[in-house]
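Protein chains in written order, with the numbering used here: chain A, 137 to 235; chain B, 237 to 883.
Think of the CB as a built atom: it goes at the ideal place given N, C-alpha and C, for glycine as much as any other residue.
The structure appears below as C-alpha cells.
Structure representation (C-alpha cells):
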C-alpha cells in the first residue's frame, strides 16, 4: 500500500470528524468529531514520517496525542459545567454569543 | 551726588516690579496684609525719590539730550527685532515723577482707607498696585512701541483686576469686565497700528521713527490709517467718545484705585501716547482734526453728563473724561505740549479730588451727594483740600488747573478750531458748575435729603449708593448716617491730601508768576473769557445750591430734554446693548445654529447610520457554535478555491 492509501484514509476520517462536528447537536458528539479530525492529522503525520524516513513526524504525533488528552479533559469539564448550568448538553441551547 | 540718570530711571522702574514679585511670590507676606502694604509703599516712595533725582537731571539749566538704554530682546538676522529698555528724556521723566508721586501717595493713603479689609485681600491689592506702578512706568519710559504695547496691556489688566477688587459684588465684577473689553476694543486698533507702522518704517524704536518722520523718510500713503489706529488705542484708554462708557462704571473699584488709575495715570496713557508720537501725527493733519473735534465733543458731553450725576465718584469720573477731552483737543490742535501740561496738572488735582472724595466716603459711608451736607464743619481739612482741587479743576486763577486749561483753550483757538473752542469754553462753564454743585451740596448746606433736593429726584444713577466699605468683604454693617459723626481721616489719609493740595496750589502760583509758553500768542481776551465762564459757573452753582434763589427744579425742567438724555447717558449704553443684543447675539445664534444643526448634524447622521447598520448586521449572528464552524469551514474552502484558481 502506498502513501496515497493512508492519505485517503486520513481525509475520510477528517471529513467524518468535520461532519460530526458540524451536525451533531450533542456537545459530547462535537468533541468526538474534533477528536476524529485530530487523529486524521495524526495519521497523516505518521504516514509521511514512515514514507520519508523522518522520525520527527512520529515525535510530533506523540506530542499531539498528549495534548489531545489534555484537550479532551478540558472539553469534558466544560461540557459538565454547561450541563450543570443549563440542564442540557445540547449545543443548540448554547447561544449566549448572540447579541 | 550725581547719579547716572539711566540707573536712576531703571531703579524707579524696577523697584515696584521687585515689590510685586516679592509680595506675589512670598505668600506669608501677601497674606499678612499690613506688612505687605508698608513694604509696597516703601518701595514706591524709594521709586519716587529716584524718579525725582532723574527728573532734576533733565530740568536743570543746560538740558540733557534724551538717553536711550535698550537691550536686545527678540533676535533676528539683521540686528535685534525688538528691544527692551528705557528712553529717558524731559517728557518721560516728568511723567515718571507724576506716576511715582501719585502712586506712592495713593499707596500710603490706602493703608488707612482699606484698613478694614481682610489681610489676604489687602496683600492682593498691594501686589496689584505695585504691578500697576511698574507697568505704567514701563509705558512711560518705553523706548519702542512694542514694549509700550506690552506695558499698555499690563496696565489694562491691573485696572481690570483693581476695579474688580470687590469681585464678589456683581456690579464691580461687571464694571471690571466692561472696562477690560471696551479698552481692548481700542487696543486692537493700537496693535494694528503698531504692526502697520513697522511694515511701513521697519522699526519699533521711537527715536528712530522720529528721525525718519522728521526727515520725511516715512511714506505718507497709508499713514493716516496708522495714526488713526494709534488714536483708537488712545481713545479706548483715555475714554474718548464713544469709548468712554467704561470709565464711570470703573468707579466700582476702591476710591484710591480710581484716583491713581482712573484719574491721574492710566487714563492719561492715551494722551501720553499721542504726545510721544506727536511728530507722527503731525504728518497726518486729517487724523489730528478728528482728535481735536472728538476731544472737544468728549469734553462737552462728559461735562453735561457730570451735571446730573448724584454719585460723587461718578461726577469726578465724568469730569475726568471731560478733562481728557481737553487734553486730546489741544493735541489735535497741534500743540501736544499744552495737552501734556494739562495732563500733569490734572493728574495732581484730580488725584486730590478723588482722594478727598474717598475721605468723605470713608467718613459718611455713602457715595451719594444728596446724603451728604454740612461736612465742612465736621471735616474741615478735607473740605479745604477738596476746595483747592475744585478751584483748580474749575480753572480759577492761582490754582493748578488755571494755567493749563487756558493753555489748552488758547492752543485750540490758535489751531483754528473755533467751534471746538467754544464747545470747550462751554464745557469749562459746566465744569465749574458741576464741581461747585458737589461742593455746596456735600460740604455746605444741611445734611441729608431735603425738600429742595427734588432736583435729582428718584432719577439718580441707580445702584451706586454703595460706600467704599460696602464691599463684599466689609466687616460689620455699614454705619448709618444718622448715628454716625463724620470727622477728618487719620494722618495717613490727610497727609497725601495735603501734599497734593499744596502741589496743586504751588503749581498754580508758579505758573501765575512764570506763565508757560505754549509756542503761540494767545488772544488777549482769552484769560478774561476763561476766568469769566469759570466764575459764572461757580455763581450759578452758588445761587442754585447754596442760596437757592434759583430753584434746582426750575433749572432741571428748563433743560428737561437734555437732562433726560444725560440721565440715560445719551443712550450710549443702550446703543452698546443693542449692538450686543442685535449684532453680536444674532451672529452668535447663527453660529450656534450652524454648529448645532450642520456640524453636529452631519456627525449625528453618520453615527446614527453606523448604529443602524450595526443593528442590522447583529441579526445575522445566531450565537450557535456550529454555525460558526460552518462559516469557518466554508471560508476555508473558498480560500483554497481562490488559491487554486490563482495558481
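- Between the C-alpha atoms of residue 559 of chain B and residue 307 of chain B there is a straight-line separation of about 37 Å.
- Here DSSP, grouped into helix, strand and coil, assigns residue 294 of chain B to helix.
- Of the residues B:651, B:646, B:627, the one whose Cα lies closest to the Cα of residue 671 of chain B is B:627.
- Proximity of residue 148 of chain A to chain B, defined by a Cβ-Cβ separation below 7 Å, is not satisfied.
- Here DSSP, grouped into helix, strand and coil, assigns residue 323 of chain B to strand.
- Chain A places no beta carbon closer than 7 Å to that of residue 850 of chain B, leaving this residue out of the contacts.
- Counting only Cβ-Cβ distances below 7 Å, residue 858 of chain B has contacts in chain A at 231, 234, in chain order.
- Between the C-alpha atoms of residue 869 of chain B and residue 147 of chain A there is a straight-line separation of about 15 Å.
- Residue 640 of chain B and residue 752 of chain B have their C-alpha atoms some 8 Å from each other.
- For residue 650 of chain B, the CB contacts under 6 Å within the same chain, skipping 5 residues up- and downstream, are 756 in chain order.
- Taking a cut-off of 8 Å on C-beta distances, the segment 583-595 of chain B touches the segment 613-622 of chain B, as three or more cross pairs fall below it.
- Secondary structure remark: continuous alpha helix (DSSP H) runs of at least 4 residues inside the segment 322-363 of chain B, in chain order: 326-349.
- Under the three-state reduction of DSSP output, residue 456 of chain B falls in the coil class, being neither helix nor strand.
- CA-to-CA, the gap between residue 350 of chain B and residue 574 of chain B works out to about 36 Å.
- The beta-carbon distance between residue 548 of chain B and residue 678 of chain B, rounded to whole angstroms, is 7 Å. This is short enough to meet the 8 Å contact definition.
- Taken in chain order, the members of the segment 147-167 of chain A whose beta-carbon sits within less than 7 Å of a beta-carbon on chain B are 154, 157, 158.
- Looking at the DSSP output, residue 604 of chain B shares a beta bridge with B:547.
- Between the C-alpha atoms of residue 875 of chain B and residue 151 of chain A there is a straight-line separation of about 18 Å.
- Judged by their CB atoms, residue 227 of chain A and residue 861 of chain B are nearer to each other than the 7 Å cut-off.
- 227, 228: these are the residues of the segment 213-229 of chain A whose beta carbon lies less than 8 Å from some beta carbon of chain B, given in chain order.
- Per DSSP, residue 216 of chain A lies in no beta strand (DSSP E); the unbroken alpha helix (DSSP H) holding it starts and ends at 192-222.
- Annotation: residue 813 of chain B is outside any beta strand (DSSP E); the continuous alpha helix (DSSP H) that includes it extends over 808-814.
- Rounded to the nearest angstrom, the Cβ distance from residue 510 of chain B to residue 572 of chain B is 7 Å, consistent with a contact under 8 Å.
- Counting of Cβ neighbours within 10 angstroms places residue 485 of chain B among the buried residues, the total reaching 16 or more.
- Put simply, of B:580, B:523, B:660, B:438 the residue whose alpha carbon is nearest the alpha carbon of residue 317 of chain B is B:438.
- Interface flag for residue 861 of chain B against chain A is set, since a Cβ pair is found closer than 7 Å.
- When DSSP states are grouped into helix, strand and coil, residue 831 of chain B belongs to the helix group.
- Not one beta carbon of chain A lies nearer than 7 Å to the beta carbon of residue 868 of chain B.
- Bounds of the alpha helix (DSSP H) holding residue 664 of chain B are 654-679.
- The shortest C-alpha to C-alpha distance from residue 253 of chain B to any of B:796, B:372, B:312, B:663 is the one to B:372.
- Beta-bridge partners of residue 417 of chain B (DSSP): none assigned.
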